[in-house]
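Structure, as structure tokens:
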Amino acid sequence: DLEKSKEMVDQLNLKEHTFFLPFLLSKMKLIHYYNLADAVIDQFTLGAYGTSSMEAMACGKAVIIDFDIARYAPYFKELPPVLIAKSVEEIYLQMKKLSENKNDTCEQVGQKSREWIMEFHSIKNNFDKVIELCQGCLS
């Protein structure tokens, strides 16, 4: 919820360090903002990552989301290196952790995130699998 997020930022005195993106952006502008960020805070309602998280990880950014490990563990050989938060308190603690150790934590998690995306979501590693699946559907 955008309004609750803005209230939390105000309460934590993080307004000068936080930027809320406009509702509609071109892909290039969005990637520009990802590259300016130290970390990206995505969604806390689905328990999964979506396109925004994947794009941020591809840009080498630490991502804070609600991720349901139990639901997705059977499908991944390695879980995504996201910082998990399920409540306002946990979001705050993850933000605090990143801000106190920005050079270490943000960069380490960001690097691991990029490596994970390239391993599990890059066209290089998945093209043949997709073609095989499509051919199976056509047979």
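In the numbering used here, the protein residues as written are -18 to 120.
For every residue, glycine included, the Cβ atom is placed at its ideal position computed from N, Cα and C.
As the structure is a prediction and not an experimental result, all values here were calculated from the model.
Note to self: Am I right that CYS87 and ALA20 are in contact with their C-beta atoms under 8 Å? What's the rounded C-beta distance?
What the structure shows: The count along the sequence shown starts at 1 and reaches residue 87 at position 106. The count along the sequence shown starts at 1 and reaches residue 20 at position 39. About 6 Å; that satisfies the 8 Å criterion.
Next item on the list: Determine the direct distance from the alpha carbon of ILE72 to that of GLY91, and round the result to whole angstroms.
Entry: Sequence index remark: in the sequence shown, residue 91 carries index 110 (1-based). Sequence index remark: in the sequence shown, residue 72 carries index 91 (1-based). Their Cα atoms are separated by approximately 17 Å.
Check: For LEU11, which option in LYS110, LYS(-15) and CYS40 has the closest C-alpha, if you only look at C-alpha atoms?
Finding: Taking the sequence shown and counting its residues from 1, the one referred to as residue 11 is at position 30. Ranking LYS110, LYS(-15) and CYS40 by Cα distance to LEU11 puts CYS40 first.
Next item on the list: Please state if the CB of SER34 and the CB of ASP49 are separated by a distance shorter than 8 Å.
Entry: Numbered from 1 along the sequence shown, position 68 holds the residue referred to as residue 49. Numbered from 1 along the sequence shown, position 53 holds the residue referred to as residue 34. Cβ distance not < 8 Å, so ASP49 and SER34 don't count as in contact.
Checklist line | Local conformation of LEU64 per DSSP, three classes | finding: One-based indexing of the sequence shown puts residue 64 at position 83. Of the three classes helix, strand and coil, the one that applies to LEU64 here is strand, per DSSP.
Check: If we count the other Cβ atoms within 10 Å of its Cβ and call it buried at 16 or more, is SER94 buried or exposed?
Finding: Here residue 94 corresponds to residue number 113 of the sequence shown, with the count starting at 1. When all chains shown are included, SER94 counts as buried.
Item checked: Sub-8 Å separation of ASP85 and ILE65 beta-carbons -> If you number the sequence shown from 1, residue 85 lands on position 104. If you number the sequence shown from 1, residue 65 lands on position 84. Going by C-beta atoms, ASP85 is not nearer than 8 Å to ILE65.
Check: What's the gap between the Cα of PHE101 and the Cα of LEU114?
Finding: Within the sequence shown, numbered from 1, the residue matching residue 101 stands at position 120. Within the sequence shown, numbered from 1, the residue matching residue 114 stands at position 133. Rounded to whole angstroms, PHE101 and LEU114 show a C-alpha spacing of 16 Å.
Check: Considering only residues of the same chain and omitting the five flanking positions on each side of THR(-1), which have a CB-CB separation below 8 Å?
Finding: For this step, residue -1 is matched to residue 18 along the sequence shown. Result list for THR(-1): VAL(-10), in chain order.
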